[in-house]
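Everything on this sheet refers to the single structure shown next.
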Amino acid sequence: MTVYKETIKLESHGQRPTFIDITKSVKKAIENSRIKNGICTVISPHTTCAVFFEEFVHDYDENGDEFLQVDLNNVLKKIIPDNIEQGQYNYPGEKHFAEVESWPEAEFYLPGGDRSALLNCDAHLKATLIGSSETFEVDEGKLGVGTTGYVYFVDFDRARPRPRKCKIIIIGE
Amino acid sequence: MTVYKETIKLESHGQRPTFIDITKSVKKAIENSRIKNGICTVISPHTTCAVFFEEFVHDYDENGDEFLQVDLNNVLKKIIPDNIEQGQYNYPGEKHFAEVESWPEAEFYLPGGDRSALLNCDAHLKATLIGSSETFEVDEGKLGVGTTGYVYFVDFDRARPRPRKCKIIIIGE
Amino acid sequence: MTVYKETIKLESHGQRPTFIDITKSVKKAIENSRIKNGICTVISPHTTCAVFFEEFVHDYDENGDEFLQVDLNNVLKKIIPDNIEQGQYNYPGEKHFAEVESWPEAEFYLPGGDRSALLNCDAHLKATLIGSSETFEVDEGKLGVGTTGYVYFVDFDRARPRPRKCKIIIIGE
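Chains as they are written, first to last, in our numbering: chain A, 1 to 173; chain B, 1001 to 1173; chain C, 2001 to 2173.
Structural data, given as structure tokens:
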């Protein structure tokens, strides 16, 4: 019985949700682990990001987003519209702004002191709905999904581009 | 420390979402594993299917669906209406149709070449919201849930009946 | 390779969803486990409760709920309004009422025989959407999340206060 971990580094582009097909990285990590049977858990350590399992589709919109991603955005927007101005949601409140502005790394969270970088309530709520982790089967040394199944990492934060990490943890024998 | 796996075979009926109470199978797999303490992860390898934890209820509608399942369908439909005609969602697009039609197993995905079998965008989005895996406790050799807790597998695909698989993976000692 | 488990005892307050920040308990359990690398799965064994990963925020409404929790409630209510009277949802049906009333522990589920204690369809559906488990990384003996990441337990049941449990299971080496 072994535990094997890999961290993959990703870049979100901001402006709209960033969807990244990480299936190849997940399959490669399983291969590297030499684990034959067990589980593979894929985890986002960021609170505006999520992990999900979906079909890969072959049509893209003008931004390069796959059609099922565009449809997912449209559906979520019906109850969680883009956070474009303060007051639209309760979050972020005055104390939260003040707290973040007091952090040593404030420049990372609010570049140039621009408070609009925290107008990402929609991203937090969408990530909570989709979930921060998903667990897959490791089956005879392979990712246990059908031919149409892919693993996606999404950063719903539209406020700004950012480096992101995704954790792949494989446990088995 | 051991890993133990079982695959259960299920049938979805199409026409409306198929909900299957798999609690007995999960409990039996835990018994078969002889694992006393650890985790039991239940996984759908299909992108229109999901796994969730819910109360078992004693009332059914005219189709035989439990009341909480009917209510879940009604709630999800508010933002994800049934995909009944092309153009309602972006998915499936022209390239995706062409790609699937080119596959050696095209007949499985589009029986008789009928493109309506791919009008299941709603099923993909619902499965993404509910999630493809759920992890439970194995507690002293039993499924660690209360008396009212049950494990359900759902195939949201209404387009056609299909054989389905569900993976049960138990890790512990 | 070891499996380590802790059960934490919580109290839900009823009247509105109960959100509990369990991050300290999760971090303490990881410390107690002495496991350095692996996974930490946090599980609700109750069907109106869920577990999720979210930012901790510093502003509260008049009830003491964090702003992102208030926003989550508002968003979920759009499709799953509070279950305030019978007939609003299919659940709970007549057979379910009769069944629960026949249980030896009926007084726990329906205190004083008051059927309104089962008017919690909204809580069941919300918990299904958010999910009953979430898995985190154990990284060098610590919970593998950023500085803004917290773990929350939520009981969506507004019908009445209740003792609740949450399971923390750590597997690794």
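The C-beta atom is built at its ideal place from N, Cα and C for all residues, glycine as well.
Taking Cβ-Cβ distances shorter than 7 Å, what residues in chain B pair up with residue 78 of chain A?
-> 1079
Under the rule that 16 or more other beta-carbon atoms within 10 Å means buried, what is residue 2095 of chain C, buried or exposed?
-> exposed
Within its chain, find whatever has a CB closer than 8 Å to the CB of residue 2144 of chain C; leave out the 5 residues flanking it on each side and keep chain order.
-> 2136, 2137, 2138
Classify residue 2010 of chain C as helix, strand or coil using the three-state DSSP reduction.
-> strand
Helix or strand or just coil, what does DSSP make of residue 2094 of chain C?
-> helix
Comparing the C-beta of residue 37 of chain A with each C-beta of chain B, is any distance below 8 Å?
-> yes
Using a C-beta cutoff of 8 Å, does residue 1135 of chain B count as contacting chain C?
-> yes
State whether the segment 2035 to 2051 of chain C contacts the segment 2124 to 2131 of chain C, with contact taken as three or more CB pairs (one from each stretch) at a distance under 8 Å.
-> yes
Name the chain E residues that come within less than 7 Å of residue 1144 of chain B, Cβ to Cβ?
-> The chain labelled as chain E is not found among the protein chains of the depicted structure, namely A, B and C.
By a C-beta neighbour count over all protein chains shown, 10 Å radius and 16 as the cutoff for buried, is residue 2032 of chain C buried or exposed?
-> exposed
Which runs of the beta strand (DSSP E) spanning at least 3 residues fall entirely within the segment 43 to 128 of chain A, listed in chain order?
-> 49 to 55
Quick one: Cα of residue 1073 of chain B to Cα of residue 1020 of chain B, how far?
-> 14 Å
3-residue-minimum beta strand (DSSP E) runs that sit fully inside the segment 135 to 168 of chain A, ordered along the chain = 149 to 155
Close Cβ partners of residue 59 of chain A (< 6 Å) along its chain, the five nearest in sequence each way excluded = 67
Test item: CB-CB of residue 2121 of chain C and residue 2083 of chain C under 8 Å = yes
Buried or exposed: where does residue 112 of chain A fall if 16 or more other Cβ atoms within 10 Å of its Cβ makes it buried?
-> exposed
Any 3 or more C-beta pairs closer than 8 Å across the segment 2001 to 2014 of chain C and the segment 2140 to 2160 of chain C = yes
Output yes if chain A places a C-beta closer than 8 Å to the C-beta of residue 2141 of chain C; else output no.
-> no
Rounded C-alpha distance that separates residue 1057 of chain B from residue 1051 of chain B = 17 Å
Which of helix, strand or coil DSSP assigns to residue 5 of chain A | strand
Measure the CB-CB distance between residue 2151 of chain C and residue 2022 of chain C and report whether it falls below 8 Å.
-> yes
Using beta-carbon positions only, say whether residue 1170 of chain B and residue 1087 of chain B come within less than 8 Å of one another.
-> no
Buried/exposed call for residue 2115 of chain C, threshold 16 Cβ in 10 Å = exposed
Neighbour-count burial assignment, residue 2053 of chain C, 16 or more Cβ in a 10 Å radius = buried
If we ignore side chains and look at the alpha-carbon of each, how far apart do residue 85 of chain A and residue 119 of chain A end up?
-> 7 Å
Whose Cβ in chain A lies nearer than 7 Å to the Cβ of residue 1041 of chain B?
-> 39, 135
Min CB distance residue 2025 of chain C to chain B below 8 Å = no
Kindly identify the DSSP beta-bridge partner or partners of residue 1032 of chain B.
-> Paired residue(s): none; residue 1032 of chain B is not in a bridge.
Taking only beta-carbon atoms, is residue 1131 of chain B less than 8 Å away from chain C?
-> yes
Buried/exposed call for residue 2071 of chain C, threshold 16 Cβ in 10 Å | buried
Nearest CA to the CA of residue 1123 of chain B: which residue from B:1018, B:1005, B:1006, B:1001?
-> B:1018
Taking C-alpha atoms, which residue in B:1161, B:1028, B:1077 lies nearest to residue 1110 of chain B?
-> B:1161
Can you say whether residue 132 of chain A is buried or exposed, counting buried as having 16 or more other CB atoms within 10 angstroms of its CB?
-> buried
So what's residue 132 of chain A in DSSP terms, helix, strand or just coil?
-> coil
Anyone know if the C-beta pair for residue 167 of chain A and residue 5 of chain A falls short of 8 Å?
-> yes
Beta-carbon proximity list for residue 2101 of chain C, same chain, < 8 Å, skipping 5 on both sides | 2110, 2113
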